[in-house]
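Every letter in the sequence shown is one number past the one before it in our numbering, and letter 262, counting from 1, is 272. Virtual Cβ for every residue (Gly too), placed ideally from N, Cα, C. If you're wondering where the values come from, they're calculated on a predicted model, not measured in any experiment. Have a look at the structure below before the remarks.
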Amino acid sequence: MFDFLGSIGSAIMTPLYYAVSGVLLVWHEIFTRLGLDPSGGWSWALAIVGLTVTIRALLIPLFVKQIKSSRNMQLLQPHIKELQKQYGHDRERLAQEQMKLWKEHNTNPFASCLPLLLQMPVFFALFRVIDQAAKNGADGARGFMTAKLAEELQDAVFLGGRIADTLISATHVETRIIAVIMVLTMCATQFITQRQLMSKNMPPDALSGPYAQQQKLLLYVLPVVFAVGGIAFPVGVLIYWTTSNFWTMGQQFYVIRNNPAPGTPAFKAKQERDAKHGKNVPEDPLKEIEKPHPALQRNQPKKQTRNQRTSGSKPSPNKKKRK
Numbered sequence: 011m012f013d014f015l016g017s018i019g020s021a022i023m024t025p026l027y028y029a030v031s032g033v034l035l036v037w038h039e040i041f042t043r044l045g046l047d048p049s050g051g052w053s054w055a056l057a058i059v060g061l062t063v064t065i066r067a068l069l070i071p072l073f074v075k076q077i078k079s080s081r082n083m084q085l086l087q088p089h090i091k092e093l094q095k096q097y098g099h100d101r102e103r104l105a106q107e108q109m110k111l112w113k114e115h116n117t118n119p120f121a122s123c124l125p126l127l128l129q130m131p132v133f134f135a136l137f138r139v140i141d142q143a144a145k146n147g148a149d150g151a152r153g154f155m156t157a158k159l160a161e162e163l164q165d166a167v168f169l170g171g172r173i174a175d176t177l178i179s180a181t182h183v184e185t186r187i188i189a190v191i192m193v194l195t196m197c198a199t200q201f202i203t204q205r206q207l208m209s210k211n212m213p214p215d216a217l218s219g220p221y222a223q224q225q226k227l228l229l230y231v232l233p234v235v236f237a238v239g240g241i242a243f244p245v246g247v248l249i250y251w252t253t254s255n256f257w258t259m260g261q262q263f264y265v266i267r268n269n270p271a272p273g274t275p276a277f278k279a280k281q282e283r284d285a286k287h288g289k290n291v292p293e294d295p296l297k298e299i300e301k302p303h304p305a306l307q308r309n310q311p312k313k314q315t316r317n318q319r320t321s322g323s324k325p326s327p328n329k330k331k332r333k
């Protein structure tokens, strides 16, 4: 059973080893041709940064989809609240109606996790490439990594610390210092990025309910997960994840400033900037959709007399009222 699962895991990860190591070695060759020592830590560290930039650039279409889905979720919050008032007593019916509403507007509440989820296999592949080279040298070569390159990566020194060592396994003080700084930076950038999203680019209505709970989970849990896991990551993997977090923070800052979500403090700030510079100030589209969703409006029954209610007869239009 375990052999079978191991074979499946190997079949999935092997192509990723080749993809990750291939991109890594292309960047390593570029920096070597620019004059850096091919066996030095700077050439390998910058190659990992180049790998990160390549992966994040490829994920830009998914990031755009994430932004659109997140915006749709924010715009649907008034309708979600109506559903909660109407079907709050029936969780199954509430879930069905929410799914129906998301489907109508082509929205997926879990799309915000897609870039992170798709990065995880790459993250694990890079971890294995560096970790195996660190532990086994030439015998730990993965993908396009040759025995010679694996040994160079194993011995590469960056800012006085070994790229392939972890905070736990490090024997050099410099490596531990670098690893601690990287872990703290990684956690801080993750927290700042999520905090920036919640404080500037989420409307007040979106700060409550299931979607808000998901965002709060990302705000507080992910930095803790990275902090705990970071002590076992090689310095090279920490370089990858820290660079990726800086990319995310800058990318999100650009989106919040230039294309903020409606009904948010960032949208109001953009309106003020546009008015100050004499530009056309866009209207907040969130105000236009705060009316009840047509499918959620109830039909009010017509008023009937007591006799009509007891007899079940319909009111006659020609019947005159008695004086």
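Check the DSSP bridge columns for residue i and list the partner residues they point to.
i: V74; result: Answer by DSSP bridge pairing: none, since V74 is not bridged.
i: P88; result: DSSP output for P88 lists no bridge partner at all.
i: P244; result: T176
Helix, strand or coil: how does DSSP classify residue i here?
i: P9; result: Coverage of the chain is limited to positions 11 through 333, which leaves residue 9 absent and any answer about it impossible.
i: P292; result: coil
i: E300; result: Residue confidence for E300 is low, a pLDDT of 49 falling below 50, so the modelled location carries little weight and cannot support an answer.
i: N255; result: helix
i: L306; result: Caution is warranted here: a pLDDT of 45 is assigned to L306, below 50, making its placement in the model unreliable, and no coordinate value can be reported.
i: T64; result: helix
i: N82; result: helix
i: M24; result: What sits at residue 24 in the sequence shown is Thr, not Met. The answer is helix: DSSP assigns T24 an H, G or I state.
i: M212; result: coil
i: T117; result: coil
i: L228; result: helix
i: D100; result: coil
i: L111; result: helix
i: L69; result: coil
i: V30; result: helix
Tell me, to the nearest whole angstrom, how far the beta carbon of residue i is from that of residue j; I am working on the premise that it is less than 8 Å.
i: Q206; j: Q262; result: 6 Å
i: N211; j: T117; result: About 17 Å; that fails the 8 Å criterion.
i: A144; j: M23; result: About 18 Å separates the two Cβ atoms, so there is no contact after all.
i: K286; j: P270; result: Not quite, the Cβ-Cβ distance comes to about 16 Å (not below 8 Å), so this is no contact.
i: L35; j: L227; result: With a Cβ gap of about 37 Å, L35 and L227 do not count as contacting.
i: L26; j: V132; result: 7 Å
i: L163; j: Q204; result: With 8 Å as the limit, L163 and Q204 do not qualify as a contact, their Cβ atoms being about 32 Å apart.
i: L93; j: Q108; result: 6 Å
i: R66; j: W257; result: 5 Å
Can the beta-carbon of residue i be found less than 8 Å from the beta-carbon of residue j?
i: T42; j: S53; result: yes
i: I173; j: V245; result: yes
i: G147; j: E161; result: yes
i: I58; j: I249; result: yes
i: M357; j: W251; result: This structure cannot settle anything about residue 357, because the visible part of the chain is limited to 11 through 333.
i: L86; j: H115; result: yes
i: S254; j: Q106; result: no
i: G32; j: F137; result: no
i: V235; j: V139; result: no
i: F243; j: G51; result: no
i: V183; j: I241; result: no
i: I77; j: V291; result: no
i: I191; j: M259; result: no
i: A189; j: T181; result: no
i: S49; j: A157; result: no
i: H89; j: L111; result: yes
Is any heavy atom of the ligand ADP found at a distance shorter than 7 Å from the C-beta of residue i?
i: A135; result: Among the components of this structure there are no ligands whatsoever, and the ligand ADP is therefore not found.
* Asked: At which residue ranges does the stretch 257-287 contain complete alpha helix (DSSP H) runs of 4 or more residues, listed in the order of the chain?
  -> Every alpha helix (DSSP H) stretch that sits fully inside the stretch 257-287 and reaches 4 residues is listed by chain position as 275-286.
* To do: Please list the segments of the beta strand (DSSP E) lying wholly inside the stretch 145-206, counting only runs of 3 or more residues, in order along the chain.
  => You should have found no qualifying run.
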